[in-house]
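Inspection log for the structure reproduced underneath, given as structure tokens.
Residue numbers (the working numbering): 831 to 896.
What follows is the structure in structure tokens.
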């Protein structure tokens, strides 16, 4: 520790690098969470499409009975 200013700057740089790493990690976690939500909603939409199609077939079947 010959130069206290260099020591201080090295520590500041280390803290900033750690903060940047933590921010990037938080962004990655948030992106992963959003991706999971998007997949869940896409699956819900696909399921609703199938249900609508099934209802359409059922309506057509009932129309044919009338």
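Glycine included, C-beta positions come from ideal geometry on N, C-alpha and C.
Residue i to residue j span [Cα, whole Å]
i	j	result
residue 875	residue 842	49 Å
residue 850	residue 867	26 Å
residue 839	residue 845	10 Å
residue 869	residue 862	11 Å
residue 864	residue 887	35 Å
Sequence-distant residues of the same chain with beta carbon closer than 7 Å to residue i, five excluded per side
i	result
residue 883	none
Extent of the continuous alpha helix (DSSP H) to which residue i belongs
i	result
residue 854	834–895
Cβ neighbours of residue i in the same chain (closer than 8 Å, five flanking residues each side left out)
i	result
residue 873	none
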